[in-house]
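The structure appears right after this line, and notes come after that.
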DNA sequence: TTTATAACTTTGTGATACAAAGTTAATTCA
DNA sequence: TGAATTAACTTTGTATCACAAAGTTATAAA
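Take a look at the structure:
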C-alpha cells in the first residue's frame, strides 16, 4: 500500500508543484519569468514562493547591479524533498498502470 | 512545458487521489474497507466519495441481501480521467528526473 | 424490542488559494 | 531634477474546502 501520509502537502499543491517542477528543470528563474510562464498573479506567486521558502525548499538571489531582480532557486533540501515526492508519484503511476 | 491547468483538481487532492488509486488497483471496495485502509473519518470519506461521484468518476453498488453494505467502483469516465491524470504525473516525473 | 452497525447528513472550524489593489525602492527618461 | 515606470513585494477580502465530531436513519442480530 502506498503511504499517502508521506505525500508532501507543500509540494503537492498545483501552484507550488508547477514552481518546483520549473526550478528542478532549470537552476534559476526570475520572478518575472515564473510569473509569465505560470500565469499567476503577483500575490499568488509570491505567496507560494514564500511557503516554499518557509519550508526551506527555495532560496533567492538578488542582483546587485542593474534593475531590481530576484532569482529563485532550489535549496539542497528542496531538491531532496522533490525527489522524495517524485518517488511517491512513481509509485502511484506504477500501481495505477498495473 | 507541462500544462498544469490540465491537472484534474478533483483527483489531485490527497484524499481523493488515495481513493482513486485504490479503486484502480482493485475493482470494488466497500465503504468500510476504504475507511480502514485510508483511516479517514466517515464524514471525510463520504464527502470525497461524493465529490468523485459528482464528477462522474465513481459509482456505487448496494448489496440487496444481508447487511447494509455499499461498494464503490470506478466508472469508465473515472478510469479515463485517472489515466489522463497519470500521464501528467509521468510528465512531471520525467521532467524532474532529467 | 433492544442493541449494534453501516452508511450516511449536518454543522462548525480552520486553513488556504487566489485576485485585486496598494506600497516601496530603484531606475529610466523628459 | 523630478516624473513616470517597473519589479517585487504586502495587505486585504472572499470563496472554497478539508476534516472532525456529532447526530440521523435503516437494517439486522440477539
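Protein chains in written order, with the numbering used here: chain A, 91 to 188; chain B, 91 to 188. Don't be surprised by glycine CBs; every beta carbon is placed ideally from N, CA and C. In this text, all values refer to a predicted model and were calculated from it rather than measured experimentally.
Through-space distance from residue 98(B) to residue 147(A), alpha-carbon basis: In the first chain, residue 147(A) corresponds to position 57, counting from 1. In the second chain, residue 98(B) corresponds to position 8, counting from 1. Looking at the two C-alpha atoms, the distance is approximately 25 angstroms.
Do you know offhand how far residue 180(A)'s Cα is from residue 137(B)'s? Looking up residue 180(A) in the first chain gives position 90. Looking up residue 137(B) in the second chain gives position 47. When rounded, the distance between both Cα atoms is 27 angstroms.
Within 8 angstroms (strictly less), CB to CB, does residue 148(A) reach chain B? The count along the first chain starts at 1 and reaches residue 148(A) at position 58. Not closer than 8 angstroms to any Cβ of chain B, the Cβ of residue 148(A) fails to qualify, so no.
Rounding to the nearest angstrom, what Cα-Cα distance links residue 122(B) and residue 131(B) in this structure? What you label residue 122(B) is simply residue 32 of the second chain in a count that begins at 1. What you label residue 131(B) is simply residue 41 of the second chain in a count that begins at 1. Near 11 angstroms, if we compare the C-alpha coordinates of residue 131(B) and residue 122(B).
Considering only DSSP beta bridges, list what residue 120(A) is partnered with. Working through the first chain from its first residue, we reach residue 120(A) at position 30. Answer by DSSP bridge pairing, in chain order: 161(A).
Can residue 160(A) and residue 152(A) be called in contact, C-beta distance under 8 angstroms? Within the first chain, residue 160(A) is the residue found at index 70, counting from 1. Within the first chain, residue 152(A) is the residue found at index 62, counting from 1. Taking 8 angstroms as the Cβ cut-off, residue 160(A) and residue 152(A) qualify as a contacting pair.
Compare the Cα-Cα distances from residue 163(B) to each of 108(B), 91(B), 150(B) and report the closest residue. Reading the second chain from its first residue, position 73 is the one you call residue 163(B). Out of 108(B), 91(B), 150(B), 150(B) has the C-alpha closest to the C-alpha of residue 163(B).
Residues in the stretch 95-116 of chain B having any Cβ partner in chain A nearer than 9 angstroms: 95, 97, 99, 102, 103, 104, 105, 107, 108, 110, 111, 112, 114, 115
Bridge-paired residues (DSSP) for residue 149(B): Within the second chain, residue 149(B) is the residue found at index 59, counting from 1. DSSP lists 163(B) as partners of residue 149(B).
Spell out whether any CB of chain A is found under 8 angstroms from the CB atom of residue 118(B). The residue given as residue 118(B) occupies position 28 in the second chain. No, because no Cβ of chain A sits closer than 8 angstroms to the Cβ of residue 118(B).
Less than 8 angstroms separating the beta-carbons of residue 185(B) and residue 108(A)? What you label residue 185(B) is simply residue 95 of the second chain in a count that begins at 1. What you label residue 108(A) is simply residue 18 of the first chain in a count that begins at 1. Cβ atoms of residue 185(B) and residue 108(A): not closer than 8 angstroms.
What whole-angstrom Cβ distance do residue 113(A) and residue 125(A) have, given they're in contact under 8 angstroms? Counted from its first residue, the first chain places residue 113(A) at position 23. Counted from its first residue, the first chain places residue 125(A) at position 35. About 14 angstroms separates the two Cβ atoms, so there is no contact after all.
Contact set for residue 127(B): own chain, Cβ-Cβ below 7 angstroms, skip 5 residues either direction: For the purposes of this step, residue 127(B) is taken as the residue at position 37 of the second chain. So the list reads 112, once near-sequence residues are dropped.
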